[in-house]
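Single-structure report; data block below.
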Amino acid sequence: MPLLFLLALPACAPKPGTSTADAEVKAVPVTVADAKTMPLRRTVSVVGTLYPYEDVTLSPKVGGRVLRAFKDVGDRVGPGEPLLELDDTEYRLAVDQARPAFEAELRKLKLTALPATDAAFEQWLPRVDAVAEAKANAELAESELKRAEREMASGVGSRQILDSATNRLTVAKTRVQVAETDARVTLANARRLKAALDDAERKLNDTKLNAPNPPEWSAWLKELGPTTTPLKYAIAQKMVSIGSPVESMPATSCYRLVIDHALKFGVTIPEKHAPEVITGQNVELKVEAYPNQTFTGFVARISPTTDTGNRTFGVVIGVRNGDGRLKAGGFATGEIVVRSDTVVTIPPEALVQFAGVNKVFVVDGNKAKVVEVGIGVRDKDWLEVTGLPAGAKVVVTGQSQLVDGTPIRVR
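Okay, here's the thing in structure tokens:
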């Protein structure tokens, strides 16, 4: 046994020209790249629906049959332009009946139009024939009474004549009051008939359905700015045809008009982004109809409340659409540009992930050093990282053979 042991010793001895220390310091060949800085826009991704700037559904205020329809889907109409007309025969007859009755009451009062106020009518009251006649009789009765009183005082009159004159004056004054009351009643009746006439004329006018003429129109013109085509309503739907019956209650919808020179992009955003999103921020939008084009918008309105069901808040994004290429009701995606940062980036292949830890190997002299990093935005050519200084040389190949402190040789 000792002899076998001795024979084995030469085989275990180190070979000439090598040592254990030389094997341990053999460097691992690697390739490296610089950690670079670049400007990076921070955005919040959103998806939603494009809504018209204004959307209104119109119905006539009266019922009837459609006599004429002037516009159809796709047409554009300005404020006040006619859309349709109902058969107005019934309403015209109502006006023809109401007007003579009203004018007859005015003639009783010797008026051509209703007085603006009761005070103005009281000044006019003495000119009414019945009132003027009653007042004239009262003045005559009063003068006769005075004459009877003088005659009685001089001893040539009689008590009977005086009493008769007194009674006549009392009756005359009563008739003045009655005449004035009748005139006021006639005025009230005239006002009632005028209201009936106005209602009949309004209904006759309502047989014509026109595009709205809102007081905000001039403000809209200023807000939307220059557009390829003049600002008008676009007809999105036409729900009736010639001869169709229209009801006022419940109302029959006839036309749907939209303003699409500008659109409202309605989206919901997770509440964690509430501190970042503010009004006025730029928004970049994409739609399927134009996949290679980006449209611009801006944050117009932000809801002050958060939906407790899904923990999101609503945002309205304004989108100018003067050329009309975007369609209301369409789907869109967008990026709200909240700010721009300068970040450190590395090639994606430099990242090493193990057991939930993100790290990179950097060159530290002739050795590899492990640096834990946080990761951010990822692109096919670069990866945003935190915890790494700009200019650091990171290992991009050979990491599988490295641990912290491993000797390396940059190829």
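If you count by the numbering used here, then the sequence shown holds residues 723 to 1133, one letter each, in order. In this text, a Cβ means the ideal position worked out from N, Cα and C, and glycines have one as well.
Boundaries for M961: no beta strand (DSSP E) harbours it, and the DSSP string shows neither H nor E there. Along the stretch 975-1011, the beta strand (DSSP E) occurs as fully enclosed runs of 3 or more residues at 977-992 and 1004-1009, listed in sequence order. Checking the DSSP bridge columns, you'll see Q1075 partnered with N1080.
DSSP places A973 within a strand segment (E or B) once states are collapsed to three.
Beta-bridge pairing by DSSP links P804 to N932. Contact check for L805 and F792: beta-carbon distance about 6 Å, within the 8 Å limit, so the pair qualifies. No Cβ-Cβ contact shorter than 8 Å links T753 with V1066. The alpha-carbon separation between I1039 and R763 amounts to approximately 19 Å.
Per DSSP, A854 has no beta bridge partner at all. By alpha-carbon distance to L891, the top candidate from L833, E866, E945 and S876 is E866.
When only Cα atoms are considered, A755 and R1133 end up about 11 Å apart. In the three-state reduction of the DSSP assignment, F1017 falls in the strand class. Put simply, the backbone Cα of V1005 is about 46 Å away from that of L808.
Here P774 really is in contact with D982; their C-beta atoms are around 5 Å apart, less than 8 Å. In this chain, K748 is not harboured by any alpha helix (DSSP H), its DSSP state being neither H nor E. Counting the other CB atoms within 10 Å of its CB gives P967 a total below 16, which places it among the exposed residues. Within the same chain, G1127, T1128, P1129 and I1130 come within 7 Å of K1089 by CB-CB distance, once the 5 residues on both sides are set aside. Taking C-alpha positions only, I1058 is separated from G1098 by approximately 17 Å. For F1053, the enclosing beta strand (DSSP E) covers residues F1053 to I1068. Within a 10 Å sphere around the beta-carbon of E844 sit fewer than 16 other beta-carbons, which makes this residue exposed.
Rounded to whole angstroms, the separation of the alpha carbons of R1023 and P822 is 55 Å.
In the DSSP secondary-structure assignment, M760 is bridged to V1065. Taking T908 as the centre and dropping the five residues before and after it, the same chain places the C-beta of E827, K830 and L831 closer than 7 Å to its C-beta, in chain order.
Remark: C-beta atoms of P801 and A933 approach each other more closely than 8 Å. Less than 8 Å divides the Cβ of A922 from the Cβ of V817. L1048 sits close to L772, with the two beta carbons spaced by under 8 Å.
One alpha carbon belongs to A1050, the other to D794, and they sit about 18 Å apart.
In the structure shown, the three-state DSSP call for P848 is helix. Cβ contact annotation for R790 (same chain, cutoff 8 Å, sequence separation greater than five): L806, E807 and I964, in chain order. With a threshold of 16 other beta carbon atoms within 10 Å, G1113 falls short and is exposed. Counting the other Cβ atoms within 10 Å of the Cβ of P972 gives fewer than 16, which makes it exposed. A contact is defined here as three or more CB-CB pairs under 8 Å, and the stretch 845-855 meets this definition with respect to the stretch 899-919.
When rounded, the separation of the alpha-carbon atoms in A875 and E861 is 21 Å. Contact between V1095 and G1109 holds, since their C-beta atoms are separated by about 5 Å, short of 8 Å. Nearest Cα to K986 within the set I1000, Q959, L1007 and V750: L1007. Within the DSSP bridge table, the entry for L780 names Y977 as partners.
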